[in-house]
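Numbers given in our numbering equal positions in the sequence shown, counted from 1, plus 1.
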Amino acid sequence: LRELGYKQELKRELTSFTNFSVSFSVVSILTGLTALYGTALNSGGPAVIIWGWVFVSSMSMCVAAAMAEICSSYPTSGGLYYWSSKLAGKHGPFYAWVTGWWNLLGQFGCTAGIDFGLAILLCSVISMANGWAYERWQVVLIYFLILIIHGLINTFLVRLIALMNTISVWVHIGGVVIILVTLLVKTQDKASASFVFTGFINNTGWSSSVYVVLLGLLQSQFTMTGCKKILIVCSDKFSNDASAHMTEETKNADVAGPVGILMAVGVSFVAGLGYLLALTFGIQNLDRVLSTSTGNPIAQIFLDALGETGALLLLIILLLAQFFCGNASVTANSRMIYAFSRDGAMPGSKYLHRIHPTLKSPVWGIWLSCFVSGLLGLLYLVGATAFSAITSIATIGLYISYGLPTFCRLVYSRDSFEPGPISLGRFSHPIGIIACIWIAFITVLFVLPGSSPVVAENMNYTVVIVAGSAVYIFGNWYFNARHWFKGPVANIDLEENGGDFVQTSTQKEEMEVVDVGEKSEIVENEKN
2 LRELGYKQEL KRELTSFTNF SVSFSVVSIL TGLTALYGTA LNSGGPAVII
52 WGWVFVSSMS MCVAAAMAEI CSSYPTSGGL YYWSSKLAGK HGPFYAWVTG
102 WWNLLGQFGC TAGIDFGLAI LLCSVISMAN GWAYERWQVV LIYFLILIIH
152 GLINTFLVRL IALMNTISVW VHIGGVVIIL VTLLVKTQDK ASASFVFTGF
202 INNTGWSSSV YVVLLGLLQS QFTMTGCKKI LIVCSDKFSN DASAHMTEET
252 KNADVAGPVG ILMAVGVSFV AGLGYLLALT FGIQNLDRVL STSTGNPIAQ
302 IFLDALGETG ALLLLIILLL AQFFCGNASV TANSRMIYAF SRDGAMPGSK
352 YLHRIHPTLK SPVWGIWLSC FVSGLLGLLY LVGATAFSAI TSIATIGLYI
402 SYGLPTFCRL VYSRDSFEPG PISLGRFSHP IGIIACIWIA FITVLFVLPG
452 SSPVVAENMN YTVVIVAGSA VYIFGNWYFN ARHWFKGPVA NIDLEENGGD
502 FVQTSTQKEE MEVVDVGEKS EIVENEKN
């Protein structure tokens, strides 16, 4: 960090394995694949679920590899937006601004999607156990409670986060093994291999098989995003860049961070494939699964194979996995807020960048993450499609922020980039190009309507949220931020100023950040 111009402020308590744990917990295949399983089953069926997972995982690995190479060269908690700034040359402030805000928006949506998916799943489990007919407002209240719990854990139990993420890894891996073995042993009338690997189902209302297949890919992509998709149960979990945001707290970050990113995708692919195969072979009555009264196709598969008691036990595993995933998402989200505000990019930066002297955690960032995520959850009161929009903006926001550093690496730093210990060598440019093309494709795919005919109740409102976000991000830049935002600034000599956010560099300029209403102005003063 000193070589990059930053003073170490977050405690380095995470090892390479626990850093991987954060990414793996946020990707959370048991969260994402469970949530969107029913959606994918209706949009392409088993063939798209299985082969879509293989294809999307390969594309996600390209994105992860491109990110890992850059992470190895620039291991800071700011991750993506810091990379864009350094790789875009004179255009650095603009790309840092855009990358940071899209990532922040995506992470808010990610946290909201994960914890809301947990709330919905918990309601489904309670309903299965006692027949409770829950309403949307009750789901929202439970969602708020979950956010508060995750906020408290990240605030007061920071020393336990590494342990929780390690436990999460074993919950996910062990959970997949338990579910796989249990379904294979207990399912009396297993689906045929032909159904699992070639079965095609189209209940979307669209006549184009190609379009339906593309819609079915959303399940897999959501899970690999890092923010996910709809949490399929919502969801597909999120973020490969969790390792990037946690690198500042990781030992040997230039190796551990990138390895954590790659391991998260690789292990998630293997575990996810086993999970999907077990679920799909476990389908005994397709019609019952598609029209289940539980509201969760996975729950119906468990019920058909194991009965109510066995199904509840397996669902508890899914609840634990999603709980850990949500906690890891708040952790990564708060670190992004800390890093972005440390460089004066957010309103209230002088408060948001502070690390509590006793708790050693970015308290303001943690609760801002929970608060904004809570506001997003209120959209569910409007209708279920609003929840889909939340998870979609999470995916789009994160993927745009994933792609921009790679784009800058290819366009502005093609010949000047100095790789760290983890390098792609001659494959760097081809993989980067594939990653950027895939991200552009995914961004468009997520705003397309999923059902036909399109009416107010099933419309994909993601396009509205994306457009509104773009207006804010680019409008704020043009009319405001371009006049004062300079991108990441060095704080290697950060002085104690009674909590004031004042950055000083080792060069002959002093960067002073002064809060003015809702913006921060950066004033450059020559030292005498």
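Where is the CB? At the ideal position from N, CA and C, for every residue including glycine.
Nothing here was measured: the structure is a model prediction, and the numbers come from that model.
Exercise for review: For the alpha helix (DSSP H) containing Val464, list its first residue and its last residue.
Suggested key: As a first step, residue 464 is located in the sequence shown; it is residue number 463 there, counting from the start. 463–480 is the extent of the alpha helix (DSSP H) around Val464.
Practice item. Taking only the alpha-carbon atoms, compute the straight-line gap between Leu369 and Asp288 and give it to the nearest angstrom. Key: Walking along the sequence shown from the start, residue 369 turns up at place 368. Walking along the sequence shown from the start, residue 288 turns up at place 287. Those two C-alpha atoms are separated by around 43 angstroms.
Check your understanding: Taking the Cβ atom as the reference point for each residue, do Ser414 and Leu81 lie within a distance shorter than 7 angstroms?
Key -> Within the sequence shown, the letter at position 413 stands for residue 414. Within the sequence shown, the letter at position 80 stands for residue 81. Against a cut-off of 7 angstroms, the Cβ pair of Leu81 and Ser414 comes out as no contact.
Exercise for review: Can you say whether Glu70 is buried or exposed, counting buried as having 16 or more other CB atoms within 10 angstroms of its CB?
Suggested key: Here residue 70 refers to the residue found at position 69 of the sequence shown. By the 10 Å Cβ count, Glu70 comes out buried.
Review point. Closest by CA to Ile394, which one among Phe372, Ile284, Ala120, Gln108?
Key: The residue labelled residue 394 in the question sits at position 393 within the sequence shown. Among Phe372, Ile284, Ala120, Gln108, the Cα nearest to that of Ile394 belongs to Gln108.
Review point. Once you ignore the five residues that flank Ile435 on each side, which residues in its own chain have a CB closer than 7 angstroms to its CB?
Key: The sequence position of residue 435 within the sequence shown is 434, counting from 1. Taken in chain order, the residues that qualify are Cys63.
Check your understanding: Is Ala459 helix, strand or coil when you go by DSSP?
Key -> Counted from its first residue, the sequence shown places residue 459 at position 458. Looking at the sequence itself, residue 459 is Asn, so the reference to Ala does not match. Residue state, collapsed to three classes: coil.
Practice item. Grab the span of the alpha helix (DSSP H) containing Asp305 for me, first residue to last. Key: For the purposes of this step, residue 305 is identified with residue 304 of the sequence shown, where counting begins at 1. Taken as a continuous stretch (DSSP letters only), the alpha helix (DSSP H) holding Asp305 covers 298–343.
Exercise for review: Work out the CA separation of Phe117 and Ile367 for me, nearest whole Å.
Suggested key: By 1-based counting over the sequence shown, the position of residue 367 is 366. By 1-based counting over the sequence shown, the position of residue 117 is 116. Rounded to whole angstroms, Ile367 to Phe117 spans 17 angstroms at the Cα level.
Check your understanding: Contact check, Ser29 vs Phe270 under 8 angstroms by CB: the rounded distance?
Key -> Residue numbering aside, residue 29 sits at position 28 when the sequence shown is read from its first letter. Residue numbering aside, residue 270 sits at position 269 when the sequence shown is read from its first letter. Not quite, the Cβ-Cβ distance comes to about 13 angstroms (not below 8 angstroms), so this is no contact.
Check your understanding: Are there 16 or more other CB atoms within 10 angstroms of the CB of Tyr144, so buried, or fewer, so exposed?
Key -> Here the question's residue 144 lines up with position 143 in the sequence shown. It is buried - the Cβ of Tyr144 has at least 16 other Cβ atoms within 10 Å.
Review point. What residues are listed by DSSP as bridge partners for Ser44?
Key: In the sequence shown, counting from the first residue as 1, residue 44 sits at position 43. In DSSP, Ser44 forms a bridge with Asn203.
Point to revise | Which of helix, strand or coil DSSP assigns to Gln189 | key: Against the sequence shown, residue 189 aligns to sequence position 188. Gln189 falls in the coil class under three-state DSSP.
Exercise for review: Given a cut-off of 7 angstroms, decide if Gly488 and Gly152 are closer than it, judged by their beta-carbon atoms.
Suggested key: Here the question's residue 152 lines up with position 151 in the sequence shown. Here the question's residue 488 lines up with position 487 in the sequence shown. Against a cut-off of 7 angstroms, the Cβ pair of Gly488 and Gly152 comes out as no contact.
Point to revise | Length of the line joining the Cα atoms of Leu425 and Ala66 | key: In the sequence shown, residue 425 corresponds to position 424, counting from 1. In the sequence shown, residue 66 corresponds to position 65, counting from 1. Cα to Cα, the separation comes out at about 8 angstroms.
Practice item. Return the first residue and the last residue of the alpha helix (DSSP H) that Thr224 is part of. Key: To locate residue 224, count along the sequence shown from 1; it is residue 223. Run containing Thr224: 210–225, per the alpha helix (DSSP H) assignment.
Review point. Nearest CA to the CA of Gly53: which residue from Thr463, Met264, Leu146, Leu216?
Key: Locating residue 53 in the sequence shown gives position 52, where the first residue counts as 1. Cα-wise, what sits closest to Gly53 is Leu216.
Point to revise | Straight-line Cα distance separating Val159 from His532 | key: Missing from the structure shown is residue 532; the chain here goes from 2 to 529 and no further.
Point to revise | the segment 33–40 touching the segment 180–190, judged by at least three CB pairs closer than 8 angstroms | key: no
**Study point:** Own chain, CB closer than 6 angstroms to Met60, minus 5 neighbours either side, in chain order
**Key:** Looking up residue 60 in the sequence shown gives position 59. Excluding sequence neighbours, Met60 sits near Trp439.
Exercise for review: Using only alpha-carbon positions, find the residue among Asn328, Leu313, Tyr479 that is nearest to Ile180.
Suggested key: Numbered from 1 along the sequence shown, position 179 holds the residue referred to as residue 180. Here the closest residue by C-alpha is Leu313.
Review point. Hey, out of Ser452, Met460, Ala471, Thr359, whose CA is closest to Ile397's CA?
Key: In the sequence shown, counting from the first residue as 1, residue 397 sits at position 396. Per the Cα distances, Ala471.
Review point. In chain order, what residues of the same chain have a beta carbon less than 6 angstroms from the beta carbon of Ile221, not counting five sequence neighbours either side?
Key: Translated into the one-based positions of the sequence shown, residue 221 becomes position 220. According to the sequence shown, residue 221 is Ser rather than Ile. Answer for Ser221: Gly53, Trp54, Val57, listed in chain order.
Point to revise | Span separating the alpha-carbon of Thr332 from that of Asn155 | key: Position 331 of the sequence shown holds residue 332. Position 154 of the sequence shown holds residue 155. If I take the Cα positions, the gap works out to 7 angstroms.
Exercise for review: With a threshold of 16 other CB atoms inside 10 Å of the CB of Pro420, please say whether the residue is buried or exposed.
Suggested key: The sequence position of residue 420 within the sequence shown is 419, counting from 1. Classification of Pro420: exposed, given that the 10 Å Cβ count is below 16.
Practice item. Thinking Ala300 and Thr310 are a contact (beta carbons under 8 angstroms), I'd like their distance in whole angstroms, please. Key: Working through the sequence shown from its first residue, we reach residue 300 at position 299. Working through the sequence shown from its first residue, we reach residue 310 at position 309. Ala300 to Thr310, Cβ: 13 angstroms. No contact.
**Study point:** Check whether Leu380 and Thr226 have beta carbons under 7 angstroms apart
**Key:** Working through the sequence shown from its first residue, we reach residue 380 at position 379. Working through the sequence shown from its first residue, we reach residue 226 at position 225. Contact: no.
Practice item. Reducing DSSP to helix, strand and coil, say where Ala285 ends up. Key: Along the sequence shown, read from residue 1 onward, the residue named residue 285 stands at position 284. Here the sequence assigns Gln to residue 285, which means Ala is not the residue at that position. In the structure shown, Gln285 sits in coil (DSSP, three-state: anything other than H, G, I, E or B).
Exercise for review: Please check the pair Val141 and Gly378, which I expect to be a contact at CB under 8 angstroms, by giving their CB distance rounded to whole angstroms.
Suggested key: Here residue 141 is taken as the residue at index 140 of the sequence shown, counted from 1. Here residue 378 is taken as the residue at index 377 of the sequence shown, counted from 1. About 6 angstroms separates the two Cβ atoms, so the contact holds.
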